[in-house]
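Below is one structure, written out as structure tokens; comments come after it.
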Amino acid sequence: MIVTNYSTDEKTFLELTMKKVKQIVLYMFVLFFFTNSFALAQNAEDVVKYRKNIMKAIGSHISVIASNVKGKVVIESDIIPHAKALYLTISSINIEKTFPSDTAPNDNLKTKSLSEIWEKPKEFALALNNSVKKANDLLSATETKDMKLIGKALGALGKSCGACHKTFRKEK
Ligand code: HEC
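Residues 869 to 1040 (our numbering) make up the sequence shown, in order.
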């Protein structure tokens, strides 16, 4: 038998549930709206510091690998993890978010980024792609455990960093 008549108690319960659902939907909407506006309200100074940290992290991974390749330390088990971290880090750089136009050089920002980044966005993206490729080559080389190959791949990666810096980063 199908019951179509709800008792008063059940009705009240249903109404209350609907009210809760509406409240939750509203809450989620407000939360979504606020998180979005926070994301939009990135402070230029913070973004500059942030991208410097990413660059420094990449530089540190290279130094760890280079110390082993040059034989300054013999902790070769670190090479693969740092090559992986380096590749993951550089390949995840989101140019739009990490180099937004309001972080182009001006008197108030401590940035070495040059305005060329925003004037030649395609070249900048290509320079990054090139480094990502070289970081991937380095990762492949580390898997061979051949120090000569690793050294060569590291040198090629270093050149690709330098190529971008030459055009897009202030020297001093
Ligand atoms: C696509 C261009 C590009 C590539 C590729 C690139 N960089 Fe950079 N790098 C920059 C720019 C631009 C800055 C300046 C950031 C700023 O001051 O706003 C920078 C800054 C740096 C800094 C200085 C950070 C600081 O504390 O001021 C280091 C270190 C660095 N890069 C290392 C590297 C290494 C190592 C690689 C290669 C694995 C690399 N970068 C690849 C563009 C690039």
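Where is the CB? At the ideal position from N, CA and C, for every residue including glycine.
Using the C-alpha atoms, what's the distance from residue j back to residue i?
| i | j | result |
| --- | --- | --- |
| L977 | F881 | 58 Å |
| R919 | L894 | 35 Å |
| L1006 | R1037 | 24 Å |
| M896 | K1020 | 52 Å |
| K938 | S931 | 10 Å |
| L884 | L899 | 22 Å |
| S983 | S928 | 26 Å |
| K879 | M886 | 11 Å |
| S981 | A972 | 7 Å |
| E987 | A951 | 32 Å |
| K940 | D970 | 42 Å |
| I922 | G1030 | 16 Å |
| Q910 | K917 | 12 Å |
| D975 | D914 | 16 Å |
| T876 | Q891 | 23 Å |
| S945 | K1013 | 10 Å |
| K965 | K1040 | 25 Å |
| L1022 | V889 | 57 Å |
Check whether the Cβ atoms of residue i and residue j lie closer than 8 Å to each other.
| i | j | result |
| --- | --- | --- |
| S999 | L1017 | no |
| N1004 | Y955 | yes |
| A912 | T957 | no |
| F967 | I985 | yes |
| S1028 | K990 | no |
| C1032 | A993 | no |
If you drop the 5 nearest sequence neighbours on each side, which residues of the same chain put their C-beta closer than 6 Å to that of residue i?
| i | result |
| --- | --- |
| I947 | I933, N936 and T1010 |
Is any heavy atom in ligand 2 found nearer than 7 Å to the beta carbon of residue i?
| i | result |
| --- | --- |
| K920 | Ligands present in the displayed structure are limited to ligand 1, and ligand 2 is not among them. |
Would you say residue i reaches chain D, if we count a Cβ-Cβ gap shorter than 8 Å as a contact?
| i | result |
| --- | --- |
| M923 | Absent here is chain D; the protein component of the structure consists of one chain. |
Spatial neighbours of residue i within its chain, please: CB distance less than 7 Å, with the 5 preceding and 5 following residues excluded, ordered by chain position.
| i | result |
| --- | --- |
| I961 | I922 and L996 |
| M1015 | V937 |
As an exercise, report each continuous alpha helix (DSSP H) stretch of at least 4 residues that is fully enclosed by the region 944 to 1012, in chain order. List check, alpha helix (DSSP H) in window: 947 to 959, 963 to 966, 984 to 987 and 989 to 1012.
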